[in-house]
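The structure appears below as structure tokens.
Residue numbers (this note's numbering): 5 to 402.
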């Protein structure tokens, strides 16, 4: 299908929920994708922090091929080996005891919310309020949207699910004042991704954890974007010296095959009983086989250390450069805040230079490449980013 025909059919047949870049992608290899004209792009988006092992990775490709040829899906009315093995792998490499599998980050958040409310209901306590942070992003389904502390996403879909309270991020006093006898849980992102890659203050998260223990409140970390090695640790909470009661995973877990997961400690996890929660596709053999292949690579000796080191390289090549106010984040989840409102223009210039990057509004660029990106590719990307920032500033954005 030619580019013009594709655009016309997309406009005719698809609900118009996306603002797409004018690129028709047809294939990928490593950290690069290719369009219909054969143009090559270094991908710093990776499906928005999804393609952990990049494109056409031999182990992931072989795993998916095996699953498709053997048993790609069956319902959760039956036992399957990949699901059990994946749950075991996650539990053995985390402080959690049990897993529930879903299909996406939003579904994982929905599961975490339900688990928290069921936990207190089972104990006979009227605790149902969930506290989340202003500028958080937890998903677009109604429960996850209700947990998201951004009015711009919520306004057209009111009334929302009741029982959610929003407080400023990194503000312990505001959180403490919001607590009531009905507070069931606090849900936070260790690094707020969609609002501009804003990490939590380690002291803040540590105090929140202490407060939750003191007040008998569950602590949920949304690691949909930060989990599975993205920050240079298997889970981002490892950077902060805090262990929550529940976490959510998705995006990078199966390297591009849809999956979500809720991990919880035994005391909380056992609140879920048959009939409380379910998923038709969640944890199917195809997704779990893919996730096992991803985890085999991510947990290999030296892999996470490499992610940390490559993130430091990216940081060193960009920090304090002209036009850049700040570079922040962990590992290969970095935000570049400009000192002028031109992030969209920078993104467009980089597209023309063969680099895909995501701009968050007009001030911030988000870097979330495949975790297998090489140092040479990081140097290439950084050089082009600096040129694009300079060009955007020269164009008059300053």
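Here a beta-carbon is modelled for each residue, glycine too, at the ideal position from N, C-alpha and C.
Just so it is clear, the structure is predicted and the values come from calculations on it, not from any experiment.
Asked	Found
Give the DSSP-derived three-state secondary structure of residue 210 in the structure shown.	helix
For residue 43, which residues from the same chain have a beta carbon less than 6 Å from its beta carbon, with the 5 sequence-adjacent residues on both sides left out?	none
With the cut-off set at 8 Å, would you say residue 333 and residue 343 are in Cβ contact?	no
Hey, how far is the Cα of residue 300 from the Cα of residue 397?	43 Å
Confirm, please, whether the CB-CB distance from residue 135 to residue 117 is below 8 Å.	no
How far does the alpha helix (DSSP H) with residue 74 in it extend, from its first residue to its last?	62-74
Look up residue 102 in the DSSP assignment and say whether it is helix, strand or coil.	strand
When we look at the beta-carbon of residue 402 and count the other beta-carbons within 10 Å, is it buried (16 or more) or exposed?	Low confidence applies to residue 402: its pLDDT is 46, below 50, so where it sits in the model is not reliable, and the reading given next is rough at best. Looking at its Cβ environment, which holds fewer than 16 other Cβ atoms inside 10 Å, residue 402 is exposed.
Would you identify the three-state DSSP class for residue 40, choosing helix, strand or coil?	coil
In angstroms with no decimal places, state the Cα-to-Cα distance between residue 218 and residue 239.	24 Å
What is the DSSP secondary structure of residue 349, reduced to helix, strand or coil?	helix
Contact between the segment 251-260 and the segment 124-132: three or more CB pairs below 8 Å?	no
Three Cβ pairs or more, each shorter than 8 Å: is that satisfied between the segment 317-324 and the segment 92-104?	no
Can you give the Cα-Cα distance for residue 215 and residue 179, rounded to whole angstroms?	9 Å
Residue 282 and residue 261: beta carbons closer than 8 Å?	no
Could you name the residues that DSSP lists as bridge partners for residue 190?	135, 223
Using the Cα positions of residue 210 and residue 226, report the straight-line distance between them to the nearest angstrom.	16 Å
Cα separation between residue 95 and residue 292?	14 Å
So who's on the other strand from residue 47, going by DSSP bridges?	360
What would DSSP say about residue 87, mapped onto helix, strand or coil?	helix
To the nearest angstrom, report how far apart residue 317 and residue 331 are at their CA atoms.	12 Å
Keeping to the same chain, check which residues put their C-beta closer than 6 Å to that of residue 59; ignore five residues upstream and five downstream.	32, 33
Could you pull the DSSP bridge partners for residue 330 from this structure?	341
Is residue 36 near residue 46, with beta carbons less than 8 Å apart?	yes
Fully enclosed by the segment 126-179, which alpha helix (DSSP H) runs are 4 residues long or longer?	146-151, 155-158
Suppose you measure from the CA of residue 157 to the CA of residue 241; what does that come to, to the nearest Å?	26 Å
When DSSP builds the beta bridges, which residues end up paired with residue 55?	BP columns for residue 55 are empty, so no partner.
Could you tell me the alpha carbon to alpha carbon distance between residue 109 and residue 267, rounded to whole angstroms?	13 Å
Count the C-beta pairs between the segment 47-58 and the segment 369-383 that are closer than 8 Å, then say yes if the count reaches three, no if not.	yes
So with Cβ pairs under 8 Å, would you call residue 341 a contact of chain B?	No chain B is present in this structure, which holds just one protein chain.
Does the segment 275-289 come within contact of the segment 336-352, defined as at least 3 CB pairs closer than 8 Å?	no
Quick check on residue 385: buried or exposed, where buried means 16 or more other Cβ atoms within 10 Å of its Cβ?	buried
How should residue 185 be labelled, buried or exposed, when 16 other C-beta atoms within 10 angstroms of its C-beta is the threshold for buried?	exposed
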